[in-house]
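S.K.: I'd like to ask some things about the structure below.
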Amino acid sequence: MLAWGGHQLLPGPSSAGSCTGNRLKASREVEPVDLPNCHLVRGVESGSEDIDILPSGLAFLSVGLKVPGIQCFAPEKPGGILLLDLNQDKPRALELRVSRGFDLTSFNPHGISTFIDEDGAVYLFVANHPEFKSTVEIFRFEEEDNSLLHLKTVRHELLPSVNDVVAVGPEHFYATNSHYFSDLFLKYLEVYLNLRWTNVIYYSPEGVRVVADGFDSANGITMSPDEKYVYVADSFAHEIHVMEKHANRSLTQVKVLHLDTVVDNLSIDPSTGDLWVGCHPNCLKLIIYDASNPPASEVLRIQNVLSEAPAVTTVYANNGSVLQGSTVASVYGGQLLIGTLFHRALQCQL
Ligand SMILES: [Ca+2]
Ligand SMILES: [Ca+2]
42 MLAWGGHQLL PGPSSAGSCT GNRLKASREV EPVDLPNCHL VRGVESGSED
92 IDILPSGLAF LSVGLKVPGI QCFAPEKPGG ILLLDLNQDK PRALELRVSR
142 GFDLTSFNPH GISTFIDEDG AVYLFVANHP EFKSTVEIFR FEEEDNSLLH
192 LKTVRHELLP SVNDVVAVGP EHFYATNSHY FSDLFLKYLE VYLNLRWTNV
242 IYYSPEGVRV VADGFDSANG ITMSPDEKYV YVADSFAHEI HVMEKHANRS
292 LTQVKVLHLD TVVDNLSIDP STGDLWVGCH PNCLKLIIYD ASNPPASEVL
342 RIQNVLSEAP AVTTVYANNG SVLQGSTVAS VYGGQLLIGT LFHRALQCQL
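Here it is in structure tokens:
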């Protein structure tokens with residue numbers, strides 16, 4: 042069942058309710074929107090910042106993200122990648138083994154993306170923050186023994202603060218930088234000054250370049266099912282940018298959707314092309330964490346994204362009593378998986 046929330050596309054840029062600087066306002070409280078059949082996923086206790094679901098119904102969850110100044114329920118435990126089989130009834134999330142040689146002790150996974158090659162090989166791209174630096178790790182998923190074979194670590198001066206990735210080839214991806222600087226103090230300063238210096242990078246082994254910039258804080262990124270459009274969430278600007286993707290992998294802006302919430306990760310329903318968005322309606326509560334007044338969760342579905350009049354629906358909203366700080370919502374076969382920055386994950390029937 043879908044409930045219609047109060048969301049509308051706003052006519053222009055909105056400054057109210059952001060998370061930082063002058064925008065450090067505790068923004069709106071959410072009106073609860075429930076789904077009838079939801080349960081917390083077993084095995085997810087300390088965040089599930091991003092989720093990517095294969096056409097087979099196997100879902101990858103990046104868990105245990107640590108960000109300076111943000112709540113963490115398992116500070117001593119490294120992050121990891123969990124696997125959830127959505128073909129099972131109330132599945133439990135299982136941690137994938139990672140091949141020897143990869144430093145698991147500093148694994149701090151953030152945004153993720155999968156790529157399926159022509160030969161059926163599945164690659165998992167992971168934005169990683171070992172010691173709060175930024176890399177993109179490329180793994181091959183070995184389904185027969187529930188493991189990830191580490192293939193490559195990508196480090197580059199154009200990737201100072203990677204938030205999310207979308208894979209477009211076995212070693213090719215777009216990535217968002219949510220900050221221009223890698224230094225923590227300069228990160229705070231750039232947000233405070235609202236520099237809008239963050240960007241989208243295209244990476245291939247042949248070259249690395251900026252393909253879009255001018256974002257307040259570029260965050261989630263995904264691609265339309267026909268691979269003609271790339272969608273970029275600008276968190277603090279409350280915007281989703283629709284970008285046309287060209288043969289040479291450059292991007293040009295088609296339009297911008299203005300919302301009234303802090304948008305985090307973006308997912309696509311491959312069957313409809315609908316965008317699913319994990320949002321923070323009161324993200325100040327993420328920064329100043331109070332267990333008795335926790336951050337809310339909010340999931341939006343945007344239909345007919347490319348049309349003149351996209352339809353925005355609040356599919357799920359909770360004041361934090363069930364789920365705190367939603368970052369991502371992904372769908373598979375009538376099921377919705379909602380992940381969070383540092384809390385749990387929720388599985389619902391639509
Ligand atoms: Ca992602
Ligand atoms: Ca994100």
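Per this note's numbering: the sequence shown = residues 42 to 391.
Even for Gly, the Cβ is constructed at its ideal location relative to N, Cα and C.
With 16 other CB atoms within 10 Å as the buried threshold, where does E463 fall?
M.R.: As shown, the chain starts at 42 and ends at 391. That puts residue 463 outside it, with no answer to give.
S.K.: Is the beta carbon of N149 within less than 7 Å of some heavy atom of ligand 2?
M.R.: no
S.K.: Take V363 as the anchor and find which of G314, P171, H384 has the nearest alpha-carbon.
M.R.: For V363, the closest of G314, P171, H384 by C-alpha to C-alpha distance is H384.
S.K.: Is the beta carbon of L307 less than 8 Å from the beta carbon of Y272?
M.R.: yes
S.K.: When every heavy atom of ligand 3 is checked, does at least one fall within less than 7 Å of the C-beta of E280?
M.R.: As for ligand 3, it is missing from this structure, which binds only ligand 1 and ligand 2.
S.K.: Give the straight-line distance between the Cα atoms of L137 and D224, rounded to the nearest whole angstrom.
M.R.: 31 Å
S.K.: Any heavy atom of ligand 2 closer than 7 Å to the Cβ of N289?
M.R.: no
S.K.: Using CA coordinates, which residue listed in L300, V353, F226 is at the minimum distance from R69?
M.R.: Nearest of L300, V353, F226 to R69, Cα basis: L300.
S.K.: Relative to the alpha-carbon of T194, which residue among L102, T176, L123, F156 has its alpha-carbon at the smallest distance?
M.R.: Out of L102, T176, L123, F156, T176 has the C-alpha closest to the C-alpha of T194.
S.K.: Would A162 be called buried (16 or more neighbouring beta carbons within 10 Å of its own) or exposed?
M.R.: exposed
S.K.: For D144, which residues from the same chain have a beta carbon less than 7 Å from its beta carbon, with the 5 sequence-adjacent residues on both sides left out?
M.R.: Excluding residues within five positions, the ones whose Cβ falls inside 7 Å are P171.
S.K.: Using DSSP bridges, identify the partner residues of Q365.
M.R.: DSSP lists no partner for Q365.
S.K.: Compute the beta-carbon to beta-carbon distance between A337 and P322, rounded to the nearest angstrom, for a pair I have assumed lies under 8 Å.
M.R.: 5 Å
S.K.: In three-state DSSP terms, what is P150?
M.R.: Strand, per DSSP.
S.K.: Out of curiosity, what's the CA-to-CA distance linking I329 and E339?
M.R.: 18 Å
S.K.: Specify the secondary structure class of N63 as computed by DSSP and reduced to three states.
M.R.: In this predicted model, N63 has a pLDDT of only 41, less than 50, meaning its place in the structure is not dependable; the value taken from the coordinates is given anyway. Helix, per DSSP.
S.K.: Just the C-alpha distance for K174 and I122, rounded to the nearest angstrom, thanks.
M.R.: 19 Å
S.K.: Does N146 pass the burial test, meaning 16 or more other C-beta atoms within 10 Å, or should it be called exposed?
M.R.: At residue 146 the sequence reads Thr, which differs from the Asn that was named. T146 comes out exposed.
S.K.: Express the C-alpha separation of Y373 and G98 in angstroms, rounding to a whole number.
M.R.: 6 Å
S.K.: By the DSSP assignment, the beta strand (DSSP E) with L377 in it spans what residues?
M.R.: From DSSP, the beta strand (DSSP E) with L377 extends over 376-381.
S.K.: What alpha helix (DSSP H) runs, 4 residues minimum, are completely inside the stretch 304-375?
M.R.: 325-328
S.K.: Got a sec, what are the start and stop residues for the beta strand (DSSP E) K193 sits in?
M.R.: 188-195
S.K.: Excluding the five sequence neighbours on either side, which residues of its own chain have a C-beta within less than 7 Å of the C-beta of T313, listed in chain order?
M.R.: none
S.K.: Apart from the five residues just before and just after P211, which ones in its own chain have a Cβ nearer than 7 Å to its Cβ?
M.R.: F156, D158, Y164
S.K.: Under 6 Å Cβ to Cβ from S258, same chain only, skipping five residues before and after it: list those, please.
M.R.: S219, T239, S276, F277, listed in sequence order.
S.K.: If contacts are defined as beta-carbon pairs under 8 Å, then I111 and V369 qualify, I think. What distance do you get, rounded to the angstrom?
M.R.: With 8 Å as the limit, I111 and V369 do not qualify as a contact, their Cβ atoms being about 16 Å apart.
S.K.: Are there 16 or more other CB atoms within 10 angstroms of the CB of L102, so buried, or fewer, so exposed?
M.R.: buried
S.K.: Hey, V283 and V295 are a contact pair by Cβ (cut 8 Å); roughly how many whole angstroms apart?
M.R.: 4 Å
S.K.: I need the boundaries of the beta strand (DSSP E) containing S103, first residue and last residue.
M.R.: 99-104
S.K.: Excluding sequence positions up to five away, which residues of its chain have a Cβ less than 6 Å from the Cβ of G152?
M.R.: D91, A168, N204, D205, V206
S.K.: For V37, tell me which candidate among T354, A216, N360, P150 has the shortest Cα-Cα distance.
M.R.: Residue 37 is absent from the structure shown; the chain starts at 42 and stops at 391.
S.K.: Tell me which residues share the same chain as A288 and place their Cβ nearer than 8 Å to its Cβ, disregarding the 5 neighbours each side in the sequence.
M.R.: Hits under 8 Å: none found.
S.K.: If F166 and F214 are in contact, beta carbons under 8 Å, what's the gap, nearest whole angstrom?
M.R.: 5 Å
S.K.: What are the start and end residues of each continuous alpha helix (DSSP H) run of 4 or more residues lying completely inside the stretch 203-238, in chain order?
M.R.: Runs of the alpha helix (DSSP H) inside the stretch 203-238: 225-233.
S.K.: Output yes or no for whether 8 Å exceeds the beta carbon distance between L391 and L106.
M.R.: no
S.K.: According to DSSP, L387 sits in a beta bridge with which residue or residues?
M.R.: L81, I379
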